[in-house]
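So the number in the working numbering is just where the residue sits in the sequence shown, counting from 1, plus 28.
One structure is given here, and the rest of the page talks about it.
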Amino acid sequence: MKKFNFRKVLDGLTAASPVGSSGGGSGSGAGGGSVHPGGTAGAAGTPREEIQETLTSDYFQICKTVRHGFPYLPTALAFDPVQKILAIGTRTGAIRILGRPGVDCYCQHESGAAVLQLQFLINEGALVSACADDALHLWNLRQKRPAILHSLKFNRERITYCHLPFQSKWLYVGTERGNTHIVNIESFILSGYVIMWNKAIELSTKTHPGPVVHLSDSPRDEGKLLIGYENGTIVFWDLRSKRADLRAYYDEAIHSVAWHHEGKQFMCSHSDGSLTLWNLKSPNRPFQTTIPHGKVQRDGKKPEPCKPILKVEYKTCKNSEPFVIFSGGLSYDKPCRRPSLTIMHGKAITVLEMDHPIVDFLTLCETPYPNEFQEPYAVVVLLEKDLIVVDLTQSNFPIFENPYPIDIHESPVTCTEYFADCPPDLIPVLYAVGAKHKKQGYSNKEWPINGGAWNLGAQTYPEIIITGHADGSVKFWDASAITLQMLYKMKTSKVFEKQKVGEGKATSEIVEEDPFAVQMMYWCPESRIFCVAGVSAYVIVYRFSKHEVNTEIASLEVRLQCEVEDIITPEPETNPPFTDASSQLPSLKSLSGSTNTVACEGTMKDSIPCLSVKARPVRMPPGYQADLIIQLVWVDGEPPQQITSLAVNSAYGLVAFGNCNGLAVVDFMQKTVLLSMGTLDLYGSSDPYQRQPRSPRKSRQFGAGLTELNDSAVSLELERCKSPTSVKGSRKLSLPTDLKTDLDHVNGHCTSPTSQSCSSGKRFSSADVSRANRRGPGRPPFRKAQSAACMEISLPVTTEENRENSFSRSRSSSVSSIDRDSKEAITALYFMESFARKNDSAVSSCLWVGTGLGMVIILSLNLPASDDLRQSDPVMVSPSGTILTLKGAVLTFACLDCMGTLTHRPYEVWRDPHSADDGDKTRKRKLVMHSPSSSQDMGDHQFAVICSEKQAKVFSLPSQTCLYVHNITETSFLLRADVVTLCNSVCLACFCANGHIMTLSLPSLRPLLDINYLPVTDMRIARTFCFTNEGQALYLSSPTEIQRLTYSQEMCDNLQDMLGDLFTPVETPEAQNRGFLKGLFGGSGQAFDREELFGEATAGKASRSLAQHIPGSGGIEGVRGAAGGVIGDLTRARIALDERGQKLGELDERTASMMASAEAFSKHAHEVMLKYKDKKWYQF
């Protein structure tokens, strides 16, 4: 374990960095980092203690843990009726296997080809997948991470349909050419037995029957195979005699076939919406034809054709009429009808309308045997964006309550936050308030897909995931022990007035995204303060209460403006005007309804927010209740910019947020604006580049490619830090009567990145806006503040040029770019107790502000001395004069104490704001000012950790000496950086746009991990990736799925024991006794031996060029899985023993049965011998 001596480091500050710089960062030593103002190597107050760092590279390893959510773009469905597990295949080649809650497995085909069909080897712990690249794969499910045992790649034919009979090891494979091949499941080798299409159809047929669309063996006789061809031909093939027993023809194309369990009848669904029922005794024509949703003609003609019935299932019941269940088949004259599933039970026809198109469905039955009464009890319906299960045992067909987190994408996810090791009382509290809002009307039976086994495992700390959505909703999820369950859902849009119908149509021409989309979230688990920043430039502060209230919502309006009318030249020694708090209240709308003057010059908007807050009292149920709404307003005809950074501190009672115009600090306890200032004004005389604010109407330029859009002399601002999609704006506020008349004619719209008066009648499309954003010189220095919902709602990044522009551009913070771009976005905010100035002897309340140009500004917060005065005395915000610099936009801050321990941000212990027990509103708050893990004495110094998108630096405070610097990347940039705890130590975790995940030790910034994990191919990943404590992280891998991963070696080692078991030893149910007469007359007299018929000895070998066998890695994965822990070993041994004991028991029973049979035969033979012993031959 290496020790780092800061004195030695400081002595060599002019030399190279103590840790090697990665990503081409040579020559950037510790002394090379910019320290402003005047930080030198020999600054006073440097630390001399030795900090022992415990983390090494051995503590880190990257691996995926589990995937949550609905499988993206599903294509196939399968169910094991004995193991009771469900498999879903997708268009991207993924397979999700679901069982009881906690049993959720994700596996992926390496080829990425779409999954066409899935077939379980029932109760065998295996699964066959057929993919669009004409490959068959056998998956081993007897290990926690399924792996492929065998693959078979067809070279000359395309796979269209597969069928695996129950308890058979021979798989029937139909192809596009109309041929049927047979594959041995054990060896995954083709049999020489082939049913050629030209032998199956009649010789007189002149046309090709089309691809094979159905294969199934007869429930009555396993030696007979029913083959359905697309053009309507049905062949009943005798496998023993290798000839067709019968052939049937129908005019319409076949989509699916279903047997009656007795094997005498089968039903077909057709492309004209008809169902035909066929009898094997009279195959010339169907003995029943129905069009369930067709209109009956008055003149007795055939009903009008309907939409195709894509699938039908025919399930029998012992004590009631059979069920006929099908998808599709609706009438053409109702084009607006939603996708539906029809259930026909006797004379009753029930149509279940779905919210999304039906991909596939399966009927769950009590028996796995096809020749018994099926007794269906549920239907699993796979939709494009949902999975539902219908209860067939109740006449109203209710659905089961789904225990899986498959509604993550109910509204597109726009942002995520992940909290590991949070306070343990939060999950029960959130669940209690969330349970009151659950939907009613579900089936009272248990979820039928309950296979597999799962236990809690060793990891027991609570974890919570928060997702923000495009419709303004926020969901809290219990993510403990690698599961996911919804706890609580809130809707942020409830505090705003609903959009008017006419106004919505007008704005939809410009805005493609939801005006309530959640862009950023900030949560303090200890105080339960929750803060949301929306895409329409507003911030809502929420407090948690267990009591329902009915109250008015406090709201503030803030005017953030980058440029001022007059050019200001700061004096060298003059500080910016922070001291007068009253001067920093540019726009404050109190509950009394008073507001600042609204300037309306023609149609120019000014001081108007994008959304209207409800003026009437609002009922707020228990849970998170809005405490304050802060809205940015239009300034001189320009809409407010989207918020790029957000921070809240419950101990201080402050919320801070910034955008590319400037910074605002609000006291949410007193409901006042403390600070609203442009970024350049924050520097005062300390601006290292001596920039001067410009007049918004004097030095603006028209952008190339946009001048032709508007000939009038309207100012265009091309430097907005905005996404290609603009913000919905121009919602009318509830204003005093004398102002309403002036605003009634205002019907302008936000046009981003340019703004114009509405009288011109010109509007910008998304394409025009995206062209403006691609301008070279006009690109803002900060590009991260893009639309929160762009990945699902409107993502105009469609070309390779845009994608490269978004992710591969090297973002420079050179002086030349600063000269071109006057706007500097606020990119990071952090409240903490630290040394604000060089000469400070004690820590004080501070706000650290990071900008898009790599500047760090420290603001001092002067809070009232006693808590009693907090509600009355003003909070003062003043500059400290301290400015630090890094390369690239600042992403994150953290503070370490003198021992190198992470210092927790100050917080207020939660108390219910509406508690009935204590009516005293001014009761004393309980504040925790620093982490209990650190010593009571904070020491004479601390370390500030700052990470930008290019580099990380560690400063010693109060000396402001740069102790360590590490250039993380030169060719790319960081998307996310978090200071996290792992194994009772602390490190810096980074995710780079080139896909690298890196960790650095603290405070020495030694590289501990650097793995090229995931190239950022989608803005969704960049927007949702986040790290948390205990070595965990997550991102949105698809619009519907959350992928969790770990970078902890310990968790990788224990993962095998945390995952659920897909296969558990279950005894296959016994087949019903068919009875003597049924056995005599109901089927084939001789047993069907597939091995004898399809084996190499009889059928020969298949052509080698037809298909190629590829051995899989399932065996190796199985060995690796077997080494995954002692518990796993014991479990596998127990399963093996159970299986061995079960087989031995079956063998013992068979032996006893054979002995009894032999004894009976011997006795019978002895009696026959005695009877005919003395008779002559002619007496017989």
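Don't be surprised by glycine CBs; every beta carbon is placed ideally from N, CA and C.
Note that this is a predicted model, so its numbers are computed, not measured.
Backbone secondary structure at residue 783 - three-state DSSP
Residue 783 sits at position 755 when you count from the first residue of the sequence shown. Any reading at residue 783 needs caution, since the residue's pLDDT is 32, under 50, leaving its predicted position unreliable; the model's value is listed next. It is coil, neither helix nor strand.
Selected residue, minimal CA-CA separation from residue 301, among 308, 321, 287, 285
As a first step, residue 301 must be located in the sequence shown, where it is residue number 273. By alpha-carbon distance to residue 301, the top candidate from 308, 321, 287, 285 is 321.
For chain D, check one thing: does any of its Cβ atoms lie closer than 7 Å to the Cβ of residue 145?
Checking the listed chains, one finds no chain D in this structure; it contains a single protein chain.
Could I get the ranges of all uninterrupted beta strand (DSSP E) runs contained in the stretch 137–186, with 3 residues as the minimum, in chain order?
You should have 143–149, 154–159, 163–168, 175–182.
Beta-ladder partner(s) of residue 296, from DSSP:
Numbered from 1 along the sequence shown, position 268 holds the residue referred to as residue 296. Looking at the DSSP assignment, residue 296 forms a beta bridge with 285, 304.
Can you round the beta-carbon distance between residue 685 and residue 569 to whole angstroms, since I take them to be within the 8 Å contact cut?
Taking the first residue of the sequence shown as position 1, residue 685 is located at position 657. Taking the first residue of the sequence shown as position 1, residue 569 is located at position 541. Contact annotation, residue 685 with residue 569: C-beta distance approximately 11 Å; criterion of less than 8 Å not satisfied.
Which whole runs of the alpha helix (DSSP H) in the stretch 1045–1120 are 4 residues long or more, in chain order?
Qualifying alpha helix (DSSP H) stretches, in chain order: 1047–1052, 1077–1086, 1104–1109.
Span separating the alpha-carbon of residue 200 from that of residue 210
If you number the sequence shown from 1, residue 200 lands on position 172. If you number the sequence shown from 1, residue 210 lands on position 182. The straight-line gap separating the alpha-carbon atoms of residue 200 and residue 210 is approximately 5 Å.
Between the beta-carbon of residue 516 and the beta-carbon of residue 441, is there less than 7 Å?
Residue mapping note: residue 516 aligns to position 488 of the sequence shown, counting from 1. Residue mapping note: residue 441 aligns to position 413 of the sequence shown, counting from 1. No.
Would the stretch 895–913 and the stretch 991–1008 be scored as touching if the rule is three or more Cβ pairs under 8 Å?
Contact check between the stretch 895–913 and the stretch 991–1008: fewer than three CB pairs, one atom from each, fall below 8 Å, which does not count as touching.
Reducing DSSP to helix, strand and coil, say where residue 1012 ends up.
Position 984 of the sequence shown holds residue 1012. Residue state, collapsed to three classes: coil.
Evaluate the contact criterion for the stretch 399–416 versus the stretch 462–469: three or more CB pairs, one atom per stretch, below 8 Å.
The stretch 399–416, when compared against the stretch 462–469, does not touch it at the 8 Å Cβ threshold.
If you follow the alpha helix (DSSP H) that residue 709 is in, where does it begin and where does it stop?
One-based indexing of the sequence shown puts residue 709 at position 681. For residue 709, the uninterrupted alpha helix (DSSP H) run begins and ends at 707–711, by DSSP.
Identify the continuous beta strand (DSSP E) that holds residue 1135 and give its terminal residues.
Counting from one through the sequence shown, the residue named residue 1135 turns up at place 1107. Counting along the chain, the beta strand (DSSP E) containing residue 1135 begins and ends at 1135–1139.
At what residues does the beta strand (DSSP E) containing residue 475 begin and finish?
Counted from its first residue, the sequence shown places residue 475 at position 447. Premise fails: residue 475 is in no beta strand (DSSP E) and is neither H nor E.
Is the stretch 487–503 close to the stretch 416–429, with three or more CB pairs under 8 Å?
For the pair of segments examined, the stretch 487–503 was found not to touch the stretch 416–429: the number of CB pairs separated by less than 8 Å stays below three.
Buried or exposed for residue 1182, please, with buried defined as at least 16 other CB atoms from any protein chain shown within 10 angstroms of its CB.
Here residue 1182 is taken as the residue at index 1154 of the sequence shown, counted from 1. By the 10 Å Cβ count, residue 1182 comes out exposed.
Could you check the C-alpha separation between residue 918 and residue 480 for me, to the nearest Å?
Numbered from its first residue, the sequence shown carries residue 918 at position 890. Numbered from its first residue, the sequence shown carries residue 480 at position 452. So the two alpha carbons sit approximately 47 Å from each other.
Residue 505, DSSP secondary structure in three states
Residue 505 sits at position 477 when you count from the first residue of the sequence shown. In the three-state reduction of the DSSP assignment, residue 505 falls in the strand class.
Along the beta strand (DSSP E) that carries residue 114, what are the first and last residues, could you check?
On the sequence shown, residue 114 is found 86 positions in, with the first residue counted as 1. 113–118 is the span of the beta strand (DSSP E), which, as asked, contains residue 114.
Taking the CB atoms as reference points, tell me whether residue 880 and residue 130 lie closer together than 7 Å.
Position 852 of the sequence shown, counting from 1, holds the residue named residue 880. Position 102 of the sequence shown, counting from 1, holds the residue named residue 130. Between residue 880 and residue 130, the C-beta spacing is not below 7 Å.
Any contact between the stretch 139–156 and the stretch 99–113? By contact I mean 3 or more CB pairs, one from each, below 8 Å.
Segment contact: the stretch 139–156 against the stretch 99–113, three or more CB-CB distances shorter than 8 Å; contact assigned.
With 16 as the cutoff for other CB atoms within 10 Å, does residue 851 come out buried or exposed?
Numbered from 1 along the sequence shown, position 823 holds the residue referred to as residue 851. When all chains shown are included, residue 851 counts as buried.
Runs of 3 residues minimum, wholly inside the stretch 393–457: which ones carry the beta strand (DSSP E) assignment?
Correct list: 404–411, 415–419, 441–448.
For residue 510, name the three-state secondary structure that DSSP assigns.
Taking the first residue of the sequence shown as 1, we reach residue 510 at position 482. The DSSP-derived three-state label of residue 510 is helix.
Quick check on residue 324: buried or exposed, where buried means 16 or more other Cβ atoms within 10 Å of its Cβ?
If you number the sequence shown from 1, residue 324 lands on position 296. It is exposed - the Cβ of residue 324 has fewer than 16 other Cβ atoms within 10 Å.
Return the first residue and the last residue of the alpha helix (DSSP H) that residue 574 is part of.
Sequence index remark: in the sequence shown, residue 574 carries index 546 (1-based). Following the DSSP letters along the chain, one finds residue 574 in no alpha helix (DSSP H), marked with neither H nor E.
List the DSSP bridge partners of residue 517.
Along the sequence shown, one-based indexing puts residue 517 at 489. Here residue 517 is bridged, per DSSP, to 503.
Cβ atoms of residue 339 and residue 391: under 7 Å apart, would you say?
Taking the sequence shown and counting its residues from 1, the one referred to as residue 391 is at position 363. Taking the sequence shown and counting its residues from 1, the one referred to as residue 339 is at position 311. Result no, Cβ atoms of residue 391 and residue 339 do not sit closer than 7 Å.
Entirely enclosed beta strand (DSSP E) segments - the stretch 254–284, minimum 3 residues:
Entirely contained in the stretch 254–284, the beta strand (DSSP E) runs reaching 3 residues are, in chain order, 261–266, 271–277.
Out of 1056, 969, 1011, state which residue places its alpha-carbon closest to the alpha-carbon of residue 1005.
To locate residue 1005, count along the sequence shown from 1; it is residue 977. It is 1056 whose Cα lies nearest to the Cα of residue 1005.
Report buried or exposed for residue 893, applying the criterion of at least 16 other Cβ atoms within 10 angstroms of its Cβ.
The count along the sequence shown starts at 1 and reaches residue 893 at position 865. It counts as exposed.
May I have a chain-ordered list of the beta strand (DSSP E) segments no shorter than 3 residues that lie completely inside the stretch 186–256?
Taking only runs of at least 3 residues, the beta strand (DSSP E) segments lying wholly in the stretch 186–256 are 187–191, 198–203, 208–212, 217–223, 240–245.
If you reduce the DSSP assignment to three classes, tell me which class residue 634 lands in.
As a first step, residue 634 must be located in the sequence shown, where it is residue number 606. If DSSP states are grouped into helix, strand and coil, residue 634 belongs with coil.
Residue 93 and residue 1072 closer than 7 Å at C-beta:
Within the sequence shown, numbered from 1, the residue matching residue 93 stands at position 65. Within the sequence shown, numbered from 1, the residue matching residue 1072 stands at position 1044. With respect to residue 1072, residue 93 sits close: the two C-beta atoms are nearer than 7 Å.
Contact set for residue 699: own chain, Cβ-Cβ below 7 Å, skip 5 residues either direction:
Indexing the sequence shown from 1 puts residue 699 at position 671. The answer, listed in chain order, is 582, 584, 656.
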